[in-house]
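Chemist:
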Ligand SMILES: [Zn+2]
Ligand SMILES: [Zn+2]
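Numbering (the numbering used here), first residue to last: 121 to 435.
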């Protein structure tokens with residue numbers, strides 16, 4: 121793992137899509153954003169993109185403007201196959217330029233290989249241009265290890281509690297670490313880990329407790345945690361088993377894992393800016409009540425955050 125050095129340039133993340141499920145552009149979502157999941161991360165000479173929701177389209181436009189004639193070399197890490205995490209890729213302009221190199225990495229899904237997850241949505245009749253017709257040098261890599269590196273950046277992966285196969289990633293840079301769990305439901309409420317197995321409630325509880333402890337360990341001490349908090353606590357009561365978290369479950373996981381900054385993420389398409397404001401406010405109250413130094417913020421499209429020498433600062 122790279123050692124933290126005060127002289128390293130800061131790690132920079134920029135949020136290009138913060139919405140869950142489906143894009144909801146409009147006046148009511150202007151501040152938190154309407155695009156689905158996509159985050160750009162730059163650290164230690166690497167350009168890493170987290171998920172390819174509709175937010176990857178404006179990212180592609182920005183990259184083309186920045187790089188002009190220079191080649192773009194990037195890694196795209198995919199958490200899972202749900203539409204809101206892959207639907208933007210066919211509209212990612214850098215994929216249509218032969219000077220660019222794009223590595224796409226992720227795990228096999230439930231009933232589909234990782235290659236199928238990326239290529240099938242671009243087949244006729246769903247899309248007019250096939251994956252192999254993209255002119256950038258594109259490499260699809262199925263992940264098989266839970267620890268790997270992208271240049272000087274180390275990445276740890278963990279499977280999380282979400283229908284099908286869904287990964288979370290923790291990215292270790294020379295200035296700190298960012299954990300990315302856009303879709304995750306708390307283990308303690310939804311015993312997903314025990315699904316389909318003939319277990320007693322006690323056995324299921326034990327599995328859930330162990331899985332939760334494993335996840336806390338995975339996240340422990342992250343500078344930034346980007347976490348699914350799709351529902352208000354009240355809404356969650358009628359959405360148990362849907363694969364998403366709530367405000368209080370997100371805060372309690374962040375507190376338990378002693379992260380520095382929690383980003384409430386994967387906003388519900390039915391939540392306008394005012395509702396998200398209220399959720400952020402109640403998350404902050406819970407953090408304050410705990411007496412611990414957790415910072416909470418609502419993920420806003422277009423916002424940038426820096427991690428400098430293990431400290432999160434606004435860009
Ligand atoms: Zn999602
Ligand atoms: Zn999902």
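The beta carbon of each residue, even a glycine, is placed where N, CA and C say it ideally should be.
(1) Distance check for residue 163 and residue 132, CA to CA, integer angstroms please.
(2) Find the nearest neighbour of residue 208 within the set 172, 193 and 332, judged by alpha-carbon distance.
(3) Apply the 10 Å Cβ neighbour rule to residue 150 and answer buried if 16 or more other Cβ atoms are within range, or exposed otherwise.
(4) Which residue wins for smallest C-alpha separation from residue 421, given the options 202, 141 and 160?
(5) Taking 8 Å as the threshold (C-beta atoms), are residue 406 and residue 345 in contact?
(6) Which of helix, strand or coil does DSSP assign to residue 329?
(7) Taking residue 237 as part of the alpha helix (DSSP H), name the residues at either end of that continuous run.
(8) What do you reckon, is the C-beta of residue 202 under 7 Å from a heavy atom of ligand 1?
(9) For the alpha helix (DSSP H) containing residue 177, name the first residue and the last one.
(10) So residue 305 and residue 363 are supposed to be a Cβ contact under 8 Å. How far apart are they, rounded?
(11) Where do the ends of the beta strand (DSSP E) carrying residue 276 lie?
(12) Taking the alpha carbon of residue 341 as the reference point, which residue from 251, 397, 266 and 373 has its own alpha carbon closest?
(13) Run the proximity test for residue 282: is its beta-carbon closer than 7 Å to any non-hydrogen atom belonging to ligand 2?
Modeler: By the coordinates alone:
(1) If you number the chain shown from 1, residue 132 lands on position 12. If you number the chain shown from 1, residue 163 lands on position 43. One C-alpha to the other measures close to 7 Å.
(2) Along the chain shown, read from residue 1 onward, the residue named residue 208 stands at position 88. Answer by Cα proximity: 172.
(3) Your numbering for residue 150 matches position 30 in the chain shown. Residue 150 should be labelled exposed.
(4) Indexing the chain shown from 1 puts residue 421 at position 301. Out of 202, 141 and 160, 160 has the C-alpha closest to the C-alpha of residue 421.
(5) Here the question's residue 345 lines up with position 225 in the chain shown. Here the question's residue 406 lines up with position 286 in the chain shown. No, these two residues do not count as a Cβ contact at 8 Å.
(6) Within the chain shown, the letter at position 209 stands for residue 329. If DSSP states are grouped into helix, strand and coil, residue 329 belongs with the helices.
(7) Within the chain shown, residue 237 is the residue found at index 117, counting from 1. Unbroken alpha helix (DSSP H) run through residue 237: 234 to 239.
(8) Counting from 1 along the chain shown, the entry for residue 202 is found at position 82. Correct: residue 202 has its Cβ closer than 7 Å to ligand 1.
(9) To locate residue 177, count along the chain shown from 1; it is residue 57. Where residue 177 is concerned, the enclosing alpha helix (DSSP H) stretches over 176 to 187.
(10) By one-based count along the chain shown, residue 305 stands at place 185. By one-based count along the chain shown, residue 363 stands at place 243. Contact holds; Cβ gap of about 5 Å.
(11) What you label residue 276 is simply residue 156 of the chain shown in a count that begins at 1. Run containing residue 276: 273 to 279, per the beta strand (DSSP E) assignment.
(12) Within the chain shown, residue 341 is the residue found at index 221, counting from 1. It is 373.
(13) In the chain shown, the residue the question calls residue 282 occupies position 162. Yes.
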